Amino acid sequence: MDAFEYAKPSSLKEALGLLGSDWDDASVFAGGTDLISLLKDDVVDTKRLVNIKGIAGLNRVHESAEGVHIGAAVTVEELFSNRMIREQFPAIIDAAEGIRSPQLHNMSTVGGWLCQRPRCWYYRNGFGLLALDKDGQSLVTQGDNRYHAIFGNSGPAKFISPSSFGPVLIALGGEMRIEGPKGARDVAAADFFVIPQKQGEREHALAPNEIVTEITIPAASRGMRNALYEVRPKEGLDWPLTTAAVALRMRGDTVERARIVLGHVAPKPWPAEDAAKWLVGKTINEENAAKAGDAAVQGATPLSRNGYKVQLARVSVKRALLAAVGERRV
Amino acid sequence: MAKDTNGYNIIGKPMAMTDARAKVTGLGKYADDLSVPGMLIGKILHSPHAHARIRSIDTSQAEALAGVKVTATGEDARNPYGILPIGHDERAFALGKALYIGDNIAAVAATTPEVAERALDLIRVDYEQLPGWFDPEESMKASSNWINEERPQNIEKEYHHVFGDPEKGFGEADFIAEERYYAGEVNQAAMEPHATLAVWEPDNRLTVHSSTQVPFYLHRTIAAVCEMPMSQIRVIKPLIGGGFGGKSEIIPLEVAACVLAKKARKPVKITYTREEVFLAHRGRPITIVYLKVGLSRAGKITAVQARVIQDGGAYCGYGPVTVLYSGALLGAIYDIANVQYDGFRVLTNKPACGAMRGHGTVNVRFAFESILDQLSHQAGLDPLEVRRRNLLKAPCITANSLRVTSYGLPECIEKVFERSGWAEKKGNLPYGKGVGMACSHYVSGAANPIIRSNMPHTTVHIKIDRDAAVTVYTGASEIGQGSDTMQVQIAAEILGVSTDRIKLVAADTELTPIDLGSYSSRVTFMAGNACLNAAKDMRDQIVAAVARKFGCAADDFEVKDGRISHKSDAGKSLSFDEAVTVALEFHGALVARGTYAPPETARGGKFKGAGVGPSPAYSYSAQVAEVTVDPETGQVRVDKIVAAHDCGKALNPLTVEGQIEGSVYMGFGQALQEDMIWKDGRLMNPSLLEYRIPATKENPEIESIIVESIDPEGPFGAKEAGEGSLAATIPAIANAIFDAVGVRINSTPITPDKILDALREKQKLASGNGANAANKPVAAGGRL
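First to last, the sequence lines map onto chains Z and U.
Using this note's numbering, you'd call the opening residue of the first sequence number 1 and step up by one each time.
Using this note's numbering, you'd call the opening residue of the second sequence number 331 and step up by one each time.
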């Protein structure tokens, strides 16, 4: 780890002023659970850490006519223990439950949960986000890709988006407020995650001098049955092999509207629109849930060693759907 | 738990470890906690290439950096070293060639870690890259570009043993199974990363504090590498946060710190990062086992043929011993007359493997217990019953000349049969749930030392002075396994005093007599016996003095409950303190000594390689695993493991249970999660996030059962308890997976992708071959 400057601004304006036009100029720091390990492993170098936890207003959850607003510095644990979230958005609780570490629950923040960098082992071992060799060939396709993307992998990016909150947020139609030097902009969660196409691009729509400040789940998503299902490599702390987040508008036993978003299968959360469309007008039972799972993995393009993830994604969708309509404890 | 304690006061009763308080309060000092004035921080430059000639190294820019005191390269310490006399192929820093990504090229000592890090970036190394060898089966075919020019075909060592008549044995078999097994590479991942503080003393001596299981070997090696007499070097082992074999040979940072300290004439500390722990490695090698076993209709094993290939990495380390254990410990568990063993230790351009817990036996036991399960099903026999039909009749000498003196395996099998509900569960659980069983065993120390010497393997001194405190001086290394506590118990028991009175000084080469180290589960048996002998010597001195005072014979007295008393004359009795005062009047301060060397009869056969495998006693384990397999995702949950372990006599049942549980957890980790994933010699997952050691969340419930066979030569009958249970866990889980969903996974770790593949294959076969094939199990064996 190289030396860096540490700043703890008390206002957003001050914070934005401390960021630079280049990614290396400064890094936004909140929980630090991912950033510190990136710095320690020399994967990321930064001249300045800008701690945003001293900025008022970034750490509250509140409701308004537009929906539910979650500050970027709210911790996973605060979200996890929030009764309103628990009652309305069990998918978020499922995702938080997947973080099997009390320390991470207490430290990591909602903003970081969305902005954390991929776990790709080429990236973490210093080969860059796109993991290209000196001839521009993908190390991932030639190498061990058992944990890599099965969708959206036709370009140079083969890593998987690490966030389990991202798919949930997209399924719930959420959006994110991003503040920058020119003011605030709202971005749909579905548009926040992008697949980088060349070296230097990032996996989200942020500019180096912008900060995610708030997440909003629109009022329209209230009352949707929702759930997330993860297939995990082990019970303890780890990232899932695949996830599926679903949100269903039900009329009686029938699906009126569905959103299905796969996680950990592509460089960004991967909506399964055909499967969601197919579900409209159906009831959720074992058979239909399985068919939706089949539909969701249509068109998967697994690499040499990750074909098994297609099956895991299929099962994730099925089980998320069944969980969404099942009985739950609040 | 032990049922009775045979009238002992301390032996056989649970006792918290003597260092427990220091550990849980954080007051205990591990090597990295140590600091001395003027101490420099050392950092090592590692090779970025798997196989490369070093054309030149330029350290001048690093040396010019403010705060850098010295740098060192291979030229500063040319003498080779290695844990085995036949394998001195390592040096403090690479000379000529770098042999793996992570190999040690140079080092710096600087005033701060930051300066040291920056200095590493300033060292210029000119490499000429060479093609690397990464797959052991490819590497052993190499006709040129050998990793070590003195090891043609990249074969470090090969052994070929035949006992009995395997051909005839296979002729007598009604069922023969042949499989390829593949065990992935695992690392000890001890909680404490390695650290060494080398202090250059004002009188030009060197004091080395290091996280080592083998202070004595370290002592010898530093002398050789630094070209100093052993008498000028002192090695001290501080508190150790787990070893598991990862600290049982000389680790590069230990010599690097000493070379830097000597050159700088300053104290130098080096602490590994977790990534460096993985790159120093010395874990369990990738092991490929081609196994063929014959079984008669009656369930008797008729012959075994095993070809074992171990991917040893770039240096010898313990390699030849590891591959010999793999063959030797096919014996001494079941009655097998006919065995052919071909073992190959192969070099590759990866970090050196070593003596990880269950050294050499674990992967072969996975293969053997899996194939035995498979053969039992082929023969229509209960796999547990098949084990019963192949028991040794101990005491005995096995086909490969191993002497078995005590044999609790039958009782272990019966205990797990009962406690697991085997009879009700085996074959009767619903699809997705299953039970599997397996057995394992291990040595209680090696009967032949790895150094060529006839001295006793261990010596213990006991001193009592006017304060009547009993001080035990032992070279044995406490690494978390209970070595210190065990010796405190033994001394207290024999001297008839409470454990509070015993003070233990351990593993300091200036103060304590020699012990070979904490490896191959030798400490309880060997240091325990030496401590027992020393304590008896001390007791006899005290009793003789008391008898002399009362004018009686020594035989008339007994030592009990803190008193030395005449057996029939209650008036002739002294407290321990009084007795010590009397003894001091006769002798001056009291000193006693005890040693242990294995008996000649335990030392095995005379054939080449016969030296590895013989032990004064063997421990035994039987386990039943109960699992749930999700057939849709291939995920496995281990619901429970019932483990019975024959440790001879549980000197401290609390720590024995701890050792059984620790072994089972470690076996569980290797079975399902842990895997060092390599790509062209690069470790893809050198962190504890991606290298998946078990966390509390997934660790299964364990029922530990202690079986006591009372070994005739062990201290109070005790044998090994720290390693033998590990090996059974892996095949027990694999066999339970078969019982649950009908597929055999012949490679570890058993991950969801392998189970899904095997289930798909099975389904394909079933639909292709009609209804009859529906129940036929499919092996998903040996995939890389």
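We put the beta carbon where it would ideally sit given N, CA and C, even for glycine.
Just so it is clear, the structure is predicted and the values come from calculations on it, not from any experiment.
Residue-chain proximity (residue i, chain U), Cβ-Cβ < 8 Å
i, result
"A275(Z)", "no"
"A3(Z)", "yes"
"Q311(Z)", "yes"
"W121(Z)", "yes"
"D34(Z)", "no"
"R100(Z)", "yes"
"Y6(Z)", "no"
is_contact[residue i, chain Z] using C-beta, thresh 8 Å
i, result
"G606(U)", "The identity of residue 606(U) in the sequence shown is Glu, whereas the question assumes Gly. By this cut-off, E606(U) is not an interface position."
"D433(U)", "no"
"T1026(U)", "yes"
"P760(U)", "no"
"H963(U)", "The sequence as given places Thr at residue 963(U); His does not occur at that position. T963(U) counts as touching chain Z."
"N1076(U)", "no"
"D1083(U)", "yes"
Terminal residues of the alpha helix (DSSP H) in which residue i lies
i, result
"N1065(U)", "L1056 to V1071"
"V986(U)", "P983 to L1002"
"Y772(U)", "Run containing Y772(U): none in the alpha helix (DSSP H); it sits in the beta strand (DSSP E), K763 to V773."
"T815(U)", "S813 to L825"
Nearest residue (CA-CA) to residue i, options the options
i, options, result
"E497(U)", "V634(U), A507(U) and R535(U)", "V634(U)"
"C92(Z)", "L16(Z), E77(Z) and Q103(Z)", "According to the sequence displayed, residue 92(Z) carries Ile and not Cys. I92(Z) has its Cα closest to that of E77(Z), out of L16(Z), E77(Z) and Q103(Z)."
"A296(Z)", "P118(Z), A244(Z), P9(Z) and D253(Z)", "A244(Z)"
"G624(U)", "N720(U), C769(U), V598(U) and Q965(U)", "N720(U)"
"S578(U)", "R1022(U), A973(U), Q989(U) and S807(U)", "S807(U)"
"F165(Z)", "R202(Z), P196(Z) and E230(Z)", "E230(Z)"
"A729(U)", "I663(U), M686(U) and R782(U)", "I663(U)"
"G892(U)", "T829(U), V676(U) and R1090(U)", "T829(U)"
"S390(U)", "D451(U), R481(U) and G643(U)", "D451(U)"
"R687(U)", "S1034(U), P740(U) and R852(U)", "R852(U)"
"D191(Z)", "G183(Z), K198(Z), G200(Z) and M176(Z)", "M176(Z)"
"H418(U)", "E744(U), V800(U), N409(U) and S1034(U)", "N409(U)"
"S10(Z)", "A26(Z), T46(Z), F4(Z) and I52(Z)", "I52(Z)"
"G397(U)", "G847(U), D406(U), I872(U) and L370(U)", "L370(U)"
"A65(Z)", "A320(Z), I217(Z), V315(Z) and A276(Z)", "I217(Z)"
"T735(U)", "A799(U), V746(U) and L722(U)", "L722(U)"
"P862(U)", "I824(U), N668(U), P740(U) and N478(U)", "One point to set straight first is that residue 862(U) is Leu, not Pro, in the sequence displayed. The candidate whose alpha carbon is nearest that of L862(U) is I824(U)."
"T542(U)", "G426(U), A837(U) and V790(U)", "A837(U)"
"F916(U)", "H376(U), S750(U), V876(U) and V544(U)", "V876(U)"
"C588(U)", "P415(U), A439(U) and M816(U)", "A439(U)"
"E393(U)", "H975(U), R448(U) and N434(U)", "R448(U)"
Residue interval of the beta strand (DSSP E) (run including residue i)
i, result
"P218(Z)", "I211 to P218"
"R226(Z)", "Checking the displayed sequence, the identity of residue 226(Z) turns out to be Asn instead of Arg. R225 to V231 is the span of the beta strand (DSSP E), which, as asked, contains N226(Z)."
"G293(Z)", "Here G293(Z) belongs to no beta strand (DSSP E); instead the alpha helix (DSSP H) covers E286 to A296."
"A865(U)", "No beta strand (DSSP E) holds A865(U); the alpha helix (DSSP H) holding it covers G858 to F880."
"Q708(U)", "Taken as a continuous stretch (DSSP letters only), Q708(U) belongs to no beta strand (DSSP E), being part of the alpha helix (DSSP H) at V692 to Q708."
Distance between residue j and residue i (C-alpha atoms, nearest Å)
i, j, result
"D672(U)", "K938(U)", "13 Å"
"I820(U)", "A909(U)", "20 Å"
"A922(U)", "M785(U)", "18 Å"
"S1034(U)", "D1041(U)", "20 Å"
"N1105(U)", "K291(Z)", "Legend: pLDDT at N1105(U) = 46, less than 50; position of this residue unreliable, value from coordinates given subsequently. Their backbone Cα atoms lie some 28 Å apart in a straight line."
"E488(U)", "R481(U)", "11 Å"
"T632(U)", "V669(U)", "9 Å"
"G571(U)", "E522(U)", "5 Å"
"A553(U)", "R535(U)", "11 Å"
Near the ligand ZN: residue i beta-carbon under 7 Å from a heavy atom
i, result
"E479(U)", "Although the ligand ZN was asked about, the structure shown includes no ligands whatsoever."
**Report entry** Residues, ordered as in the chain, of the region 228-242 of chain Z that lie near chain U by beta-carbon distance below 8 Å
**Finding:** V231, R232, P233, K234, E235, G236, L237, D238 and L241
Query - Positions along the region 966-988 of chain U whose CB lies within less than 7 Å of some CB in chain Z - result: none
Query raised in the report: In chain order, what residues of the region 57-70 of chain Z put their CB closer than 9 Å to some CB of chain U?
Result: none
**Report entry** Residues, ordered as in the chain, of the region 995-1013 of chain U that lie near chain Z by beta-carbon distance below 9 Å
**Finding:** L1002, Q1003, I1007, W1008, K1009, D1010, R1012 and L1013
Query - Positions along the region 124-141 of chain Z whose CB lies within less than 9 Å of some CB in chain U - result: R124, N125 and L139
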